[in-house]
Amino acid sequence: MTEFIANSADVYGDVTLGSGSTIWFQSVLRGDSNSISIGKKSNIQDGTIVHVDHDAPTLIEDYVTVGHACIIHGCTIRSGALIGMGSTILNHAEIGENSLIGAGSLVTEGTVIPANSLAFGSPARVIRQLTLEEIEKNRQNAEHYYELGQNYLAQTIFPRKGFVNERE
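Just so we're aligned, residue 1227 is where the sequence shown starts under this note's numbering, counting upward by one.
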């Protein structure tokens, strides 16, 4: 399994990418004052910022999906979690295994979201436990982004910026 880093993504400093992970367009991963670790088959979608603090590394475990335009800062996201688009996760927060953070949520500093939870809001609060079907859907989403990244690497997806299909 090979990692995919989109040509417009920026990855700097102490950043480790797990096998099959994908970093999408316009994302920035900045491991300048601490480390960032991305697990296998995890995906960081378009426009997301992943950063650290001097006392807060960022750990994203395996099969994690981080949606478009998120801010992930000095926190821990456990395996199988899904972070909805536009969410912010702050220093020392921990997102439990298989949990789902709803789009646009704010997980404040030091908050712990238990495993298998649905949480959303600003500040995010646990709403309920996820079903097995929802947990499996999150895992399938991570697999989808892995496959998509492999397609980009194989250039079966259009490899050029600005390419548009011509109309017949």
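Beta carbons are placed, not taken as given, at the ideal position from N, Cα and C, and that holds for glycine.
From a predicted model like this one, the values you see are computed outputs, not experimental measurements.
* To do: Output the distance between the C-alpha atoms of Asn-1377 and Val-1276, rounded to the nearest integer angstrom.
  => On the sequence shown, position 151 is the one that residue 1377 refers to. On the sequence shown, position 50 is the one that residue 1276 refers to. Their Cα atoms are separated by approximately 24 Å.
* To do: Output the residue ranges of the beta strand (DSSP E) runs that lie fully inside the segment 1232–1299 and measure 3 residues or longer, sorted by chain position.
  => 1236–1243, 1254–1264, 1275–1277, 1284–1286 and 1297–1299
* Asked: By a C-beta neighbour count over all protein chains shown, 10 Å radius and 16 as the cutoff for buried, is Gln-1366 buried or exposed?
  -> By 1-based counting over the sequence shown, the position of residue 1366 is 140. So Gln-1366 counts as exposed.
* Leaving aside the five residues before and after Gly-1257 along the sequence, list all residues of the same chain whose C-beta is less than 7 Å from its C-beta, in chain order. => Position 31 of the sequence shown, counted from the first residue, corresponds to residue 1257. Around Gly-1257: Tyr-1238, Gly-1239, Asp-1240, Val-1241 and Val-1278.
* Asked: From Glu-1373, Tyr-1289 and Gln-1271, pick the residue whose C-alpha is nearest to that of Gly-1306; which is it?
  -> Position 80 of the sequence shown, counting from 1, holds the residue named residue 1306. Cα-wise, what sits closest to Gly-1306 is Tyr-1289.
* Since Arg-1351 is in the beta strand (DSSP E), which residue starts that stretch and which ends it? -> One-based indexing of the sequence shown puts residue 1351 at position 125. Looking at the DSSP string, the run of the beta strand (DSSP E) that includes Arg-1351 is 1350–1355.
* **Identified DSSP bridge partners for Thr-1314** => For the purposes of this step, residue 1314 is taken as the residue at position 88 of the sequence shown. Paired residue(s): Ile-1297 and Leu-1332.
* Strand pairing of Leu-1326, partner residues [DSSP] -> If you number the sequence shown from 1, residue 1326 lands on position 100. The partner list for Leu-1326 (beta bridge, DSSP) reads Leu-1308 and Leu-1344.
* Below 8 Å between beta carbons: does that hold for Asn-1260 and Ala-1282? -> One-based indexing of the sequence shown puts residue 1260 at position 34. One-based indexing of the sequence shown puts residue 1282 at position 56. In contact: Asn-1260 and Ala-1282 (Cβ atoms closer than 8 Å).
* Spatial distance of Gly-1293 from Glu-1320 (CA atoms) -> Along the sequence shown, read from residue 1 onward, the residue named residue 1293 stands at position 67. Along the sequence shown, read from residue 1 onward, the residue named residue 1320 stands at position 94. C-alpha separation (whole angstroms): 17 Å.
* Hey, how far is the Cα of Ile-1339 from the Cα of Ala-1345? -> Here residue 1339 refers to the residue found at position 113 when the sequence shown is read from its first residue. Here residue 1345 refers to the residue found at position 119 when the sequence shown is read from its first residue. One C-alpha to the other measures close to 8 Å.
* **Start and end residues, alpha helix (DSSP H) containing Ala-1380** => In the sequence shown, the residue the question calls residue 1380 occupies position 154. Where Ala-1380 is concerned, there is no enclosing alpha helix (DSSP H), given that its DSSP letter is neither H nor E.
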